[in-house]
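Participant: Chains as they are written, first to last, in my numbering: chain A, -11 to 546; chain B, 4 to 205; chain C, 33 to 368.
Where a beta carbon is used, it is the ideal one built from N, C-alpha and C, also for glycine.
Note that the coordinates shown come from a computational prediction; the quantities given were computed from them, not determined experimentally.
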Amino acid sequence: MASIDYPLERPAVSLEKGFAQHLYEWVATVDHKKLGLMYVVSALLFFVIAGLMAFVIRLQLMFPNGHVVGPDTFNRLFTMHGTTMVFLVGMPLVAGFANYLVPLMIGARDMAFPRLNAFGFWIFLFGGFLLYYSYIGGSGLYGAGSAPDVGWFANAPLTEKAFSRGHSTDYWALGILVSGVGSIASAINVIATAFSLRCPGMTLSRMPLFVWVMVVDSWLILVALPPLTAAQIMLMLDRYLGANFFNTQQGGSAVLWQHFFWIFGHPEVYILIFPAFAILSEVIPVFSRKPLFGRAAMVGAVVAIGFISLGVWAHHMFAVGMSSWSNTFFAGSSMLVGIPTGLKIFNWTATMYGGKLRLQTPLLYCCAFLFQFLVAGLTGIMLAVAPFDWQLHDSYFLIAHFHYTLMGGLVMGIFAGIYYWFPKAIGKMYNEKLGKWQFWLMIIGFNLTFLPQHIAGMLGMPRRIYTYAPGRGWELWNLLSSLGAMVQFVAVACLVWNLVHSALRGEPAGDDPWDGWTLEWATTSPPPEYNFEKLPVVRSSRPLWDMKHPHDPDWKYE
Amino acid sequence: MAEALELTADALTMEREWKTPDRGTVGIIFLIVTESALFLIFVLAYLVYIGKSVVGPYPKDVLEMPIAATVCLLSSSLTIVMAEHQLEKNRIGPFRLWWAITILLGLYFLYDTALEWKKLIYVDHLTISTNLFGTTFYSLVGLHASHVTVGMTFLLLVFTVSLLGFPIETQKRRVKFLSWYWHFVDWVWVIVFTVVYIVSAR
Amino acid sequence: MFINAVIALLLQAQTSNLPEHPVANTFKPLASPGQQEKDIAILTLAITGAIFVVVGGLIVYGIWRYRRRPGDVSTQEPAQVYGSNQIEAAWTVIPILIVFVLIGVTARVIGSIENASPPPSTVKVRLIGHQWWWTVEYPQFGVTSANEIHVPVATNGSPATYLQLESVDVIHSFWIPQLAGKTDLIPNRTNYAWIDPKEPGIYLGNCAEYCGTQHANMLLRVIAEPPADFNRWADEQKRAANPDPALARAREIFESLACVNCHTIKGTGAVGKFGPDLTHLMSRQTIGSGVTTLTHEHLREWVDDPQTIKPGCLMPSMQLTNEQLDQVVAYLESLH
Ligand code: HEA
Ligand code: HEA
Ligand code: CUA
Ligand SMILES: [Cu+2]
Chain A
-11 MASIDYPLER PAVSLEKGFA QHLYEWVATV DHKKLGLMYV VSALLFFVIA GLMAFVIRLQ
49 LMFPNGHVVG PDTFNRLFTM HGTTMVFLVG MPLVAGFANY LVPLMIGARD MAFPRLNAFG
109 FWIFLFGGFL LYYSYIGGSG LYGAGSAPDV GWFANAPLTE KAFSRGHSTD YWALGILVSG
169 VGSIASAINV IATAFSLRCP GMTLSRMPLF VWVMVVDSWL ILVALPPLTA AQIMLMLDRY
229 LGANFFNTQQ GGSAVLWQHF FWIFGHPEVY ILIFPAFAIL SEVIPVFSRK PLFGRAAMVG
289 AVVAIGFISL GVWAHHMFAV GMSSWSNTFF AGSSMLVGIP TGLKIFNWTA TMYGGKLRLQ
349 TPLLYCCAFL FQFLVAGLTG IMLAVAPFDW QLHDSYFLIA HFHYTLMGGL VMGIFAGIYY
409 WFPKAIGKMY NEKLGKWQFW LMIIGFNLTF LPQHIAGMLG MPRRIYTYAP GRGWELWNLL
469 SSLGAMVQFV AVACLVWNLV HSALRGEPAG DDPWDGWTLE WATTSPPPEY NFEKLPVVRS
529 SRPLWDMKHP HDPDWKYE
Chain B
4 MAEALELTAD ALTMEREWKT PDRGTVGIIF LIVTESALFL IFVLAYLVYI GKSVVGPYPK
64 DVLEMPIAAT VCLLSSSLTI VMAEHQLEKN RIGPFRLWWA ITILLGLYFL YDTALEWKKL
124 IYVDHLTIST NLFGTTFYSL VGLHASHVTV GMTFLLLVFT VSLLGFPIET QKRRVKFLSW
184 YWHFVDWVWV IVFTVVYIVS AR
Chain C
33 MFINAVIALL LQAQTSNLPE HPVANTFKPL ASPGQQEKDI AILTLAITGA IFVVVGGLIV
93 YGIWRYRRRP GDVSTQEPAQ VYGSNQIEAA WTVIPILIVF VLIGVTARVI GSIENASPPP
153 STVKVRLIGH QWWWTVEYPQ FGVTSANEIH VPVATNGSPA TYLQLESVDV IHSFWIPQLA
213 GKTDLIPNRT NYAWIDPKEP GIYLGNCAEY CGTQHANMLL RVIAEPPADF NRWADEQKRA
273 ANPDPALARA REIFESLACV NCHTIKGTGA VGKFGPDLTH LMSRQTIGSG VTTLTHEHLR
333 EWVDDPQTIK PGCLMPSMQL TNEQLDQVVA YLESLH
């Protein structure tokens, strides 16, 4: 097979640069790797902030009649926790991982539109600041400010001027709208990059699965985010110009907001989980030493999820009193998503069968993902059974369901990715022992937090309550849950320490520490600004396998 | 790490013949996809709220078909194609002429919209807060008009730089993308026109 | 004062023969909708549980069986397997079959709960959501109450209670886990739900859709009584408030205050609609939509400053003098 050339010398790093110059380099950069890292780092920062909010939520609910915070503060906490986690943690993680890895994996020197890329990042960050600025400007500076308290899906008409005075809701709408523009920009960029900048030989069918998933993810962003943008524009028109979209006094519909929000909101949850799918599809094969089982079907499955998920949104609305026909339709379409998702779980598992599993931190997180996402998916199926959902809707069972998907799925998948690519991006090795410690603490803490919530939900505990009376059977489950959050706290602290410490003091990692198969391992760690000295030419979906096994290359079987 | 493998003749031809789609084309297509999704929601909101206004005025009382404006906007889709053709052949003069016509047609459309809104506001007392019809009408038509305005800004930009002597024939790709965008805006108008002036005004 | 306390105690005693169900366990349903929801829940749990055991077992077994053993240092790669169409087809088709079974059952239960038509002997209740309390109206009896829904116990589904759900401000949701799943109360829209409690008792529930500051304290209780008791209750509720001559002065004070702008007391000048109807306040077990029990102390505290009990609620602190407070509370306590 053809040449993959390695730069003979590492790009010289000059140590003479002052702080200002470093800062300038990062702020003015259009390099996809720098932008990717900035996305991931800001996402992690927001994760810590939102995690701390969750921690306070758990403290408040630890015992009945909790007095840690009052009702207003509590309502702001869960609103900001949810909003931040979804829009300022999940979305930039999508953009960050795609930015860093897609060009490297397809053998390109940068993204298709580098400046648009930088624009996307800064506008996202600006949106994040706008949202948090509400803490200062929310009810006008004199009211000392207050964050929005309308919940992350901000149901109308609670968001109308009549029920939500001050400006906090405006910050919510504006902040998300603005950062959404960034997501759109980066999604267009990812698609254009993947289609147009593939290196010679990298046909669509040879594109790494990671790239495929990111393309489908970007497509979902492009079709699903505009409905949210539209709904937010309508909300702003209502609030500022007295329009009547969601003004029930003038005949406006409160249900319409929910339709528009969830037309976005459901695809959004797949937008969030896809990066984890993408990461698993790279990490599991490399750590099992086997190619991904059923590559074509895996691509087909994400495409199928990408389309089916556009038609299931009203399963969030089983309680609004839709006709039984609609209820049945949306129950059915929701369950259908389980089929391609199941296929993915089975194929990942099959990849591991017959392999030689190296149970290092990245793979451990993938295993945790498989298990926890299985739980999450199955509770999702329970929610999709509409009559069962009439009981479970907006209860702690639902909270448990989506934390199993988001924390047990998305975030654990991201952890796998962080550990896996950390050596590539930073050039240093993380501390494996601490990584394993963090893993076990995380697993214990996470399950201890969210498993009991299933039970609390089935015992009738609704979500978004700042307090509850003793004697309703919820005390034990909440106590366990809060204890779990404390364990998670320690685990996240370990992660932060591991990353920061290893970045400063870690052992040099080498260019290809995992004996990987995709193109990013064919360049230095960290990669030079131009990624590849000479663009690679590939003949299969595992170019580095071909190179390392010249007598048994993959392309012979294609 | 392992040494690079020998270059086979096969790989060399592969490298030479390797072709991928143009990134600008991909970009603009997906920009249009995402914009369509945005319009779809506003159109849906309009359709849902037809006949739901609690107080008047109602569409059938106040709306008049903007036939002339529609003809202008749709024909500007043709004139921009003519302009492109001329540019393809590097005939800058005719290009400018067709381009100018496109701009004029677009400007007339915007002017007509402005007149229509003025009449609705001052004569019929329909504002965005009057009723659901006002709310959905101004936001849908306004969203479209704002897109026309954006397109118009770029049309004017191209026109100005070409007048200033910039070698516009080096920018055929970008002019093509702009014209695609303009077509998109025109097609959206067909939908808006159908929904607002035909379906709801009956 | 003493008498009032005794009355309050008596009132408590009056309803205490009804068993309370404080733990709203969805798996111990006591009405038809809840029962059907539980049945399908059990079926779903069985199916998903089986999937979990099988798939989860395979995952765990795979990890265990194929882990690299310590001491295995060979760099030999395992056999490279790219996939298998048969196997993949199998694990696509089996889930499809399971999903179709589930869809079928779901469709049936949805229909049987949502499209149930009211039998002739039906109690109709109009339940209206407010930020953060409920109006309970019985159009058949001309009765308006708040926060606590009295219904007759049903034998073989009769008499069932049909609820017409509305809201005056934002979205709320009706949820009594042991009786029925959720149905939202949505402004500018009317929804319906029904319950037929099989056993007498007090069933607790919550507003289940986030509706603002005090969403947590927008509790609901359904008081299911034998039909005879229910009818007696309804008859009493029909009455206007009893003008107790001994409390004429207290009543005067109450009516001179702004209370009347927000509260209704049938047969008096108080006709406000913003707050709960107080005509038979003392027949209720709780105040503030379940935030606390209705005792003399709590009532006094509430009228003094509701914001300490239910911070953020829409009844302002009325800044009454001590004397006014005593009189007003005394008057309220005469409203049986
Ligand atoms: C990453 C995020 C994520 C993911 C991937 C999912 C996945 C799924 N979700 Fe979840 N969901 C959320 C995040 C997510 N969800 C969030 C955030 C909310 C709440 C929002 C809010 O209200 O705040 C929510 C709420 C939510 C509801 C609304 C509940 C309510 O409000 O009342 C429903 C109802 O149908 C639902 C269903 C599903 C289903 C069917 C899947 C499916 O995709 C799951 C598919 C997977 C499997 C089924 C497991 C693997 C498959 C097999 C092993 C094959 C065999 C299986 C079968 C044959 C069934 N989800
Ligand atoms: C990606 C999404 C995501 C993630 C990862 C999480 C993570 C967590 N969530 Fe979150 N959650 C949501 C998305 C998410 N959540 C959403 C969308 C809602 C709905 C909101 C709404 O209703 O509107 C919600 C709601 C929600 C509720 C319900 C609130 C309510 O309804 O009243 C609860 C309650 O327990 C909760 C808890 C937690 C906990 C304990 C974690 C933990 O896993 C968090 C672990 C992290 C930490 C504990 C932080 C540790 C920090 C450090 C160690 C600091 C280190 C220090 C330095 C670096 C200086 N969440
Ligand atoms: Cu009413 Cu929540
Ligand atoms: Cu969903």
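If you draw a straight line from the alpha carbon of leucine 77 of chain C to that of methionine 370 of chain A, how long is it in whole angstroms?
Facilitator: If you number the third sequence from 1, residue 77 of chain C lands on position 45. If you number the first sequence from 1, residue 370 of chain A lands on position 382. The alpha-carbon atoms of leucine 77 of chain C and methionine 370 of chain A are separated by roughly 7 Å.
Participant: Which residue from C:Ser190, C:Asn263, C:Pro258, C:Val200 puts its Cα closest to that of isoleucine 227 of chain C?
Facilitator: If you number the third sequence from 1, residue 227 of chain C lands on position 195. Here the closest residue by C-alpha is C:Ser190.
Participant: In angstroms with no decimal places, state the Cα-to-Cα distance between tryptophan 543 of chain A and glycine 330 of chain A.
Facilitator: Residue numbering aside, residue 543 of chain A sits at position 555 when the first sequence is read from its first letter. Residue numbering aside, residue 330 of chain A sits at position 342 when the first sequence is read from its first letter. Rounded to the nearest angstrom, the two C-alpha atoms are 28 Å apart.
Participant: Using 8 Å as the limit for Cβ to Cβ distance, is phenylalanine 45 of chain B near chain A?
Facilitator: In the second sequence, the residue the question calls residue 45 of chain B occupies position 42. Chain A contact via Cβ: present.
Participant: Would you say aspartate 337 of chain C reaches chain A, if we count a Cβ-Cβ gap shorter than 8 Å as a contact?
Facilitator: Indexing the third sequence from 1 puts residue 337 of chain C at position 305. It does not; no Cβ of chain A falls within 8 Å.
Participant: Name the one or two DSSP bridge partners that glutamate 109 of chain C has.
Facilitator: Indexing the third sequence from 1 puts residue 109 of chain C at position 77. DSSP lists no partner for glutamate 109 of chain C.
Participant: Let me make sure I understand the geometry here. Which of B:Tyr114, B:Glu119, B:Ile83 has the alpha-carbon closest to that of phenylalanine 162 of chain B?
Facilitator: What you label residue 162 of chain B is simply residue 159 of the second sequence in a count that begins at 1. Comparing Cα-Cα distances from phenylalanine 162 of chain B to each of B:Tyr114, B:Glu119, B:Ile83, the minimum goes to B:Ile83.
Participant: Between the region 184 to 196 of chain A and chain B, which residues of the former have a C-beta closer than 9 Å to a C-beta of the latter?
Facilitator: Against chain B - using a Cβ distance shorter than 9 Å - the residues of the region 184 to 196 of chain A are Ser184, Leu185, Arg186, Cys187, Pro188, Gly189, Met190.
Participant: How should isoleucine 203 of chain C be labelled, buried or exposed, when 16 other C-beta atoms within 10 angstroms of its C-beta is the threshold for buried?
Facilitator: Taking the third sequence and counting its residues from 1, one reaches residue 203 of chain C at position 171. Buried: at least 16 other Cβ atoms inside 10 Å.
Participant: What residues of chain C sit near valine 274 of chain A, judged by a beta carbon separation below 9 Å?
Facilitator: Residue numbering aside, residue 274 of chain A sits at position 286 when the first sequence is read from its first letter. Neighbours of valine 274 of chain A on chain C: none; closest Cβ ~11 Å, over 9 Å.
Participant: Measuring straight from C-alpha to C-alpha, what distance separates asparagine 36 of chain C and alanine 218 of chain A?
Facilitator: Here the question's residue 36 of chain C lines up with position 4 in the third sequence. Here the question's residue 218 of chain A lines up with position 230 in the first sequence. Caution is warranted here: a pLDDT of 46 is assigned to asparagine 36 of chain C, below 50, making its placement in the model unreliable, and the coordinate value is therefore given only provisionally. Roughly 58 Å between the two C-alpha positions.
Participant: Report yes or no: is there a C-beta of chain A within less than 8 Å of the C-beta of phenylalanine 187 of chain B?
Facilitator: Position 184 of the second sequence, counting from 1, holds the residue named residue 187 of chain B. Not closer than 8 Å to any Cβ of chain A, the Cβ of phenylalanine 187 of chain B fails to qualify, so no.
Participant: Any chance the CB of histidine 381 of chain A is under 7 Å from a heavy atom of ligand 3?
Facilitator: One-based indexing of the first sequence puts residue 381 of chain A at position 393. Checking the Cβ of histidine 381 of chain A against ligand 3 gives no.
Participant: What's the call for glutamate 6 of chain B, buried or exposed, on a 16-neighbour Cβ count within 10 Å?
Facilitator: Locating residue 6 of chain B in the second sequence gives position 3, where the first residue counts as 1. Confidence at glutamate 6 of chain B is low in this model, with a pLDDT of 37, below 50, so the placement of that residue is unreliable and no value is reported for it.
Participant: Does any residue of chain A bring its CB to less than 8 Å from the CB of histidine 295 of chain C?
Facilitator: Here residue 295 of chain C refers to the residue found at position 263 when the third sequence is read from its first residue. Histidine 295 of chain C does not count as touching chain A.
Participant: Under DSSP, the alpha helix (DSSP H) around alanine 148 of chain B begins and ends at which residues?
Facilitator: As a first step, residue 148 of chain B must be located in the second sequence, where it is residue number 145. Element bounds for alanine 148 of chain B: 135 to 166.
Participant: What distance in whole Å lies between the Cβ atoms of phenylalanine 101 of chain A and glycine 30 of chain B, which are believed to be in contact at a cut-off of 8 Å?
Facilitator: In the second sequence, the residue the question calls residue 30 of chain B occupies position 27. In the first sequence, the residue the question calls residue 101 of chain A occupies position 113. The pair is a contact, with the Cβ atoms about 7 Å apart (cut-off 8 Å).
Participant: Please confirm if valine 29 of chain B has its CB atom under 8 Å from at least one CB of chain A.
Facilitator: Residue numbering aside, residue 29 of chain B sits at position 26 when the second sequence is read from its first letter. Chain A contact via Cβ: present.
Participant: Which same chain residues end up closer than 6 Å to leucine 229 of chain A when comparing Cβ atoms and leaving out the 5 residues on each side of it in sequence?
Facilitator: Against the first sequence, residue 229 of chain A aligns to sequence position 241. Correct list: empty, nothing qualifies.
Participant: CB of valine 166 of chain A to nearest heavy atom of ligand 4: below 7 Å?
Facilitator: Translated into positions along the first sequence, residue 166 of chain A becomes position 178. No, the Cβ of valine 166 of chain A stays beyond 7 Å of every heavy atom of ligand 4.
Participant: Of all the CB atoms in chain C, is at least one closer than 8 Å to the CB of tyrosine 545 of chain A?
Facilitator: If you number the first sequence from 1, residue 545 of chain A lands on position 557. Closer than 8 Å: yes.
Participant: For the region 63 to 79 of chain C against the region 477 to 491 of chain A, do three or more pairs of beta-carbon atoms, one drawn from each stretch, fall closer than 8 Å, so that the two count as touching?
Facilitator: No, the region 63 to 79 of chain C does not touch the region 477 to 491 of chain A.
Participant: The alpha helix (DSSP H) that contains leucine 217 of chain C, what's its start and end?
Facilitator: If you number the third sequence from 1, residue 217 of chain C lands on position 185. Where leucine 217 of chain C is concerned, there is no enclosing alpha helix (DSSP H), although the beta strand (DSSP E) it sits in stretches over 212 to 217.
Participant: Could you tell me which chain F residues have their CB closer than 7 Å to the CB of histidine 247 of chain C, listed as they occur along the chain?
Facilitator: No chain F appears in the structure shown, which is made up of the protein chains A, B and C.
Participant: Here's a check: name, in chain order, each residue in its chain whose Cβ is nearer than 7 Å to the Cβ of valine 243 of chain A, leaving out the five neighbours to either side.
Facilitator: Your numbering for residue 243 of chain A matches position 255 in the first sequence. If we look at valine 243 of chain A and ignore the five residues flanking it on each side, its Cβ neighbours are Val308.
Participant: Starting from isoleucine 259 of chain A, find everything on chain B with Cβ-Cβ shorter than 9 Å and list it in chain order.
Facilitator: Counted from its first residue, the first sequence places residue 259 of chain A at position 271. What isoleucine 259 of chain A touches in chain B: nothing, since even the nearest Cβ is about 13 Å away.
Participant: Please report the distance separating the alpha-carbon of alanine 260 of chain C from that of threonine 154 of chain C.
Facilitator: Locating residue 260 of chain C in the third sequence gives position 228, counting from the first residue. Locating residue 154 of chain C in the third sequence gives position 122, counting from the first residue. In a straight line, the C-alpha of alanine 260 of chain C is about 15 Å away from that of threonine 154 of chain C.
Participant: Report yes or no: is there a C-beta of chain B within less than 8 Å of the C-beta of alanine 83 of chain A?
Facilitator: For the purposes of this step, residue 83 of chain A is taken as residue 95 along the first sequence, with counting starting at 1. Alanine 83 of chain A does not count as touching chain B.
Participant: In its own chain, which residues sit with a C-beta less than 6 Å from the C-beta of proline 51 of chain C, not counting the 5 before and 5 after it?
Facilitator: By one-based count along the third sequence, residue 51 of chain C stands at place 19. Here the set comprises Gly233.
Participant: In the structure shown, what three-state DSSP assignment does leucine 364 of chain C receive?
Facilitator: Working through the third sequence from its first residue, we reach residue 364 of chain C at position 332. Three-state DSSP puts leucine 364 of chain C in a helix.
Participant: Are the region 104 to 116 of chain B and the region 52 to 72 of chain B touching by the rule of at least three beta carbon pairs closer than 8 Å?
Facilitator: A contact exists between the region 104 to 116 of chain B and the region 52 to 72 of chain B.
Participant: Relative to ligand 3, what is the chain-ordered list of residues with a Cβ closer than 5 Å to any of its non-hydrogen atoms?
Facilitator: The answer, residue by residue, is C:His204, C:Cys239, C:Cys243, C:His247, C:Met250.
Participant: Grouping DSSP H, G and I as helix and E and B as strand, with all else coil, what is proline 496 of chain A?
Facilitator: As a first step, residue 496 of chain A is located in the first sequence; it is residue number 508 there, counting from the start. Correct three-state label for proline 496 of chain A: strand.
Participant: So that I know if they touch, is there some Cβ in chain A lying closer than 8 Å to that of phenylalanine 98 of chain B?
Facilitator: Position 95 of the second sequence, counted from the start, is the residue given in the question as residue 98 of chain B. Taking Cβ atoms only, chain A never reaches closer than 8 Å to phenylalanine 98 of chain B, which makes this a no.
Participant: Regarding valine 300 of chain A and ligand 4, is the C-beta to nearest heavy atom distance less than 7 Å?
Facilitator: Taking the first sequence and counting its residues from 1, one reaches residue 300 of chain A at position 312. Indeed, a heavy atom of ligand 4 lies less than 7 Å from the Cβ.
Participant: Between the region 105 to 124 of chain A and the region 156 to 171 of chain A, do at least 3 Cβ pairs fall closer than 8 Å?
Facilitator: With a cut-off of 8 Å, the region 156 to 171 of chain A and the region 105 to 124 of chain A count as touching, because enough Cβ pairs lie within range.
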